[in-house]
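Add 5 to a position in the sequence shown, counting from 1, and you land on the number used in our numbering.
Just so you know, even glycine gets a beta-carbon here, dropped at the ideal spot from N, CA and C.
One structure below.
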Amino acid sequence: MPPSTTAPRIALGPEGAPGWLSDAIVAGGGHLVPLEQAEALVWSDARDADGLEAALDANPELRWVQLPFAGIENVVHLVEDDRVWTCGKGVYAEPVAEMALSLALAGMRGLGTYARATSWSPPAGRNLIGANVAILGGGGITDSLLRLLQPFDCDITVVRNQVQDMPGADVVLEADRYTDAIANADLVVLALALTPETEGIIGASELELMGHNAWLVNVARGRHVVTDDLVHALRNGVIAGAGLDVTDPEPLPDGHPLWTLSNCIISPHVGNTPEMAKPLLAERVTANVKRWAEGAELVGLVDPEMGY
């Protein structure tokens, strides 16, 4: 794309999108315009797939769409090669990786059980120091988590679609070898995109492979895990426990069995809170508007074939 000689015409949607995103567009040198006059669209609600589809159908001249989240499963059916698509890949990596580490430490050291206790209890817990860790997913969250894990001297295996060296990882395996990684792990962290291939990637057989000392931490999407199989595994000591920032279903209903299990720590999808997200997403939008104006490659490109 050649550099633009005028300010790029950017629309913000859907109606009622936050004003700080407008500011981010302007800070990047964009000219905020109505949708029918725009060449590009910053879409603030990835859950509103119907609204986005209507906007695209009514404005086929849009050439670039910026989505707010790293996960695009709600709108992936709209992604095609006729436009440039970007998402929040890497934007929220630091806070989500911090949450993954928090859940891992809390779980492995027994804090979930202690927090529920109403009397003094016997000692329990295992070290993260020196543990065997398997991370499924090789994106920005994993990059950040690998750095955070360095002081713990873990033996870390990363599973990802494209094998390449990753600083901090001892081994990197192809995606179809994920069972090799989790079989020897004290800690399994899910930090991968939700696609048809990764939905239900952790079920009964995978939980059995992990073993009774292992903790599962999920900061990706709830549908990576077969919930009924996880409940069975936690109740019967198939694995030691689970730290879940995401669940299936989500929100997790009142009265669901997972709420009652002392070896399950649940946080309500707050690995990245709105207060954390605003400055991070604003920075990404500003950077990409500048890059669009300059004809440079955008950050967080979506691969229509891969679906993320």
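Problem - Limits of the unbroken alpha helix (DSSP H) element including Tyr293 - result: Before going further, note that residue 293 is Asn rather than Tyr in the sequence given. Looking at the DSSP string, the run of the alpha helix (DSSP H) that includes Asn293 is 279-299.
Problem - Contained beta strand (DSSP E) runs [length at least 3] in the segment 34-86, N- to C-terminal order - result: Counting only runs of 3 or more, we get 45-48, 69-71.
Handout entry: Per-residue burial, Glu66 [other beta carbons within 10 Å of its own, 16 or more giving buried]
Key = exposed
Handout entry: Option in Thr184, Pro156, Gly145 with minimal Cα separation from Thr162
Key = Thr184
Problem - Alpha-carbon spacing of Gly75 relative to Trp125, whole angstroms - result: Correcting the residue type first, residue 75 is Ala in the shown sequence and not Gly. Their backbone Cα atoms lie some 42 angstroms apart in a straight line.
Problem - Start and end residues, beta strand (DSSP E) containing Asp160 - result: 160-165
Exercise for the section: Jot down the residue ranges of each uninterrupted alpha helix (DSSP H) in the segment 147-203, minimum 4 residues, whole runs only, in chain order. Expected result: 183-187
Practice task
With DSSP collapsed to three states, give me the class of Gly117.
Solution key: Gly117: helix per DSSP, three-state reduction.
Problem - Inter-residue spacing [alpha-carbon to alpha-carbon] between Asn223 and His229 - result: Distance between the alpha carbons of Asn223 and His229: 8 angstroms.
Exercise for the section: Just confirm the distance between the C-beta atoms of Leu83 and Leu57, as a whole number of angstroms; I'd bet it's less than 8 angstroms. Expected result: 6 angstroms
Practice task
Drop a sphere of 10 angstroms on the beta-carbon of Trp90, count the other beta-carbons inside from all chains shown, and report buried for 16 or more, exposed for fewer.
Solution key: It is buried - the Cβ of Trp90 has at least 16 other Cβ atoms within 10 Å.
Handout entry: alpha helix (DSSP H) segment containing Ala29, residue limits
Key = 24-32
Practice task
Just grab the DSSP bridge partners of Cys269 for me.
Solution key: Ala247
Practice task
List the endpoints of the continuous beta strand (DSSP E) containing Leu17.
Solution key: Leu17 -> beta strand (DSSP E) spans 14-18.
Problem - CA nearest to the CA of Leu61, picked from Asn137, Asp87, His36 - result: Asp87
Practice task
Give me the Cα-Cα distance between Asp234 and Gly242, rounded to the nearest whole angstrom.
Solution key: 12 angstroms
Handout entry: Residues of its chain near Asn277, where Cβ-Cβ distance is below 7 angstroms and the 5 sequence neighbours each way are ignored
Key = Within the same chain, Asn277 has close Cβ partners Tyr97, Pro100, Val101.
Problem - Residue nearest to Pro13 in terms of C-alpha spacing, selected from Pro23, Ala32, Ala22 - result: Ala32
Problem - Sequence-distant residues of its chain with Cβ nearer than 8 angstroms to Ala54 (five each side left out) - result: Asn79, Val80, His82, Leu83
Exercise for the section: Give the DSSP-derived three-state secondary structure of Ala139 in the structure shown. Expected result: Here Ala139 sits in strand by DSSP.
Problem - Inter-residue spacing [alpha-carbon to alpha-carbon] between Arg114 and Ile15 - result: Near 49 angstroms, if we compare the C-alpha coordinates of Ile15 and Arg114.
Handout entry: the segment 145-158 / the segment 241-259 touching (three or more Cβ pairs under 8 angstroms)
Key = no
Handout entry: Same chain only: Cβ atoms within 6 angstroms of Asn189, ignoring 5 sequence neighbours per side
Key = The beta carbon of Asn189 sits closer than 6 angstroms to the beta carbons of Asn137 from its chain, once the five residues preceding and following it are set aside; these are given in chain order.
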